[in-house]
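Residue numbers (the working numbering): 98 to 574.
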């Protein structure tokens, strides 16, 4: 085997990320590396031998242990060396495994199987494993940190934004709760779809031709085989497992990836100099720019979005692998190998996003300053909706048009919203009456007092943040 320095590897996953993201790399590699692919095929071949022995009533605990030990002795290098001669990956693996197992059971290795019975089944085993043992725990950690943030800042005032413009008040916890809800549902969906992955032992065209020569009940033999791997049989298979089981899981991975990237983009934008509501943590010896010493770039959030840009488009290939001519062709044999890259890239993004959320710095003063500042170029303009609703509730006709005129006057004459509204004495009086009726101000207070604290006009933002955080902490925790 050729051994090369890590810096001569082509994929950044195998040099840059394996060095700087060692913990995540070590979690993912046992499931999606080339070694993992070979070892799980060996595991599948051994599962088949065990199924044959169980069906014949000759499986003993001692023989099971011998077979497991034999499988553990097979090295990927030996399989690759054999493949150089056979030019066939599964036949090479079978030859090596036959030489390792006790000779009395060697004829049972691969008996009744076609290559895809091993490859598709082992792929389902690996993807189910990486989902349950790596991705779901990582996503759960991120989700719980978001729940913490949503609860902690459920009442921290923030200006809402639509179309990049100030809208009406919310809270920071409410903004975070959006991602609590979206990611929480995706985690539950990933878990369900991972549990639905299937395998097969139905032969070259899926009709159980070969196993019908071996067993009086080929489907029972298939169930025995798959039970060793914790899988169920595909309802209908050709030479391949129905592709939609895996496709739907990969699509949900991509859905979660998009949610994480959207979160990264929101956090990145809230770190802009002119907004400055949040900050990524920045170490004392960290450098933000090679030429501008003052820079504190939101590079981790940008990195997450960049990974999403690199890997999300691969969903097109997942769809293309859905198609195979008749009972099987080989057009997915190369493209399907890159699922490993996608999963690794997704894992790196989730880990990086978690580190951002865990160390996020919240500037409450800046949040309040932005909220009380100008909306649409009008200081205090964020109060316009509440003024319109109160005026309409008082029974005034054309309330929206009245308040719209006020905002135009404020913008044109460079007034504050409240100053401009003061010129509409009838409207202001009606609004003030409604505020007192709703007990939003006291008898000695005025509408001006109410509008000076727009953060009070937050609807159910705080309550929603707390409710969603509690709900998803319980459901995914």
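Think of the CB as a built atom: it goes at the ideal place given N, C-alpha and C, for glycine as much as any other residue. Being a predicted model, the structure only gives us computed values, none of them experimental.
Note on geometry: alpha-carbon atoms of residue 328 and residue 206 lie some 20 Å from one another. Taken in chain order, the whole beta strand (DSSP E) runs of length 3 or more contained in the stretch 353-379 number zero.
Inclusion of residue 481 and residue 488 in the CB contact set at 8 Å is not warranted, their separation being larger than that value. Under the DSSP assignment, residue 264 falls in the beta strand (DSSP E) whose first and last residues are 262-268. The secondary-structure analysis by DSSP pairs residue 295 across a beta bridge with 329. Ranked by Cα distance from residue 357, the first of 230, 305, 330 and 443 is 443. Take residue 441, set aside five residues on each side of it, and the residues of its chain with a beta-carbon closer than 7 Å to its own are 110, 125 and 129, in chain order. In the structure shown, residue 475 falls within a strand segment according to DSSP collapsed to helix, strand and coil. Between the C-alpha atoms of residue 185 and residue 238 there is a straight-line separation of about 41 Å. DSSP places residue 257 in the strand class (E or B) of the three-state scheme. Annotation: residue 426 to residue 413 spans about 19 Å, alpha carbon to alpha carbon.
In chain order, 251, 252, 268, 270 and 271 place their CB closer than 8 Å to the CB of residue 559, counting only its own chain and leaving out the 5 sequence neighbours on each side. Rounded to the nearest whole angstrom, the CA to CA distance from residue 120 to residue 292 is 26 Å. By DSSP's assignment, residue 503 forms no beta bridge with any residue.
DSSP, reduced to helix, strand and coil, places residue 454 within a helical segment of the structure shown. Judged by DSSP in its simplified three-state form, residue 413 adopts helix. Between residue 354 and residue 405, the alpha-carbon positions lie close to 7 Å from each other. Straight through space, the alpha carbons of residue 461 and residue 518 are spaced by roughly 29 Å. Fully contained in the stretch 176-204 are the following alpha helix (DSSP H) runs of length 4 or more, in chain order: 186-197. Burial state of residue 418 is buried, judged by a 10 Å Cβ sphere holding 16 or more other Cβ atoms. Counted as a single uninterrupted DSSP element, the alpha helix (DSSP H) harbouring residue 125 occupies residues 119-129.
By the neighbour-count definition (other C-beta atoms within 10 Å, threshold 16), residue 247 is a buried residue. Judged by pairs of C-beta atoms under 8 Å, the stretch 138-148 touches the stretch 161-175, as three or more such pairs exist.
In this structure, residue 457 and residue 277 do not form a Cβ contact; the two beta carbons are roughly 14 Å apart against a cut-off of 8 Å.
By the beta-carbon neighbour count (other beta carbons within 10 angstroms, threshold 16), residue 149 is buried.
The three-state reading of DSSP puts residue 459 in strand, counting E and B together.
Collapsing the DSSP output to three states places residue 307 in coil. In the assembly as shown, residue 219 is a buried residue. Its beta-carbon has 16 or more other beta-carbons within 10 Å.
In the DSSP assignment, residue 408 falls within the unbroken alpha helix (DSSP H) covering 396-408.
Proximity of the stretch 541-557 to the stretch 228-245 falls short of the contact definition, fewer than three beta-carbon pairs being nearer than 8 Å. Looking at the backbone, the Cα of residue 273 and that of residue 202 are separated by about 58 Å. The C-beta distance from residue 221 to residue 296 rounds to 5 Å, short enough to fall under 8 Å.
Cβ contact annotation for residue 485 (same chain, cutoff 6 Å, sequence separation greater than five): 496, 497 and 500, in chain order. The stretch 392-403 and the stretch 362-374 touch, with no fewer than 3 CB-CB distances between them shorter than 8 Å. Taking every protein chain shown into account, the CB of residue 310 has fewer than 16 other CB atoms within 10 angstroms, so this residue is exposed.
DSSP, reduced to helix, strand and coil, places residue 235 within a helical segment of the structure shown.
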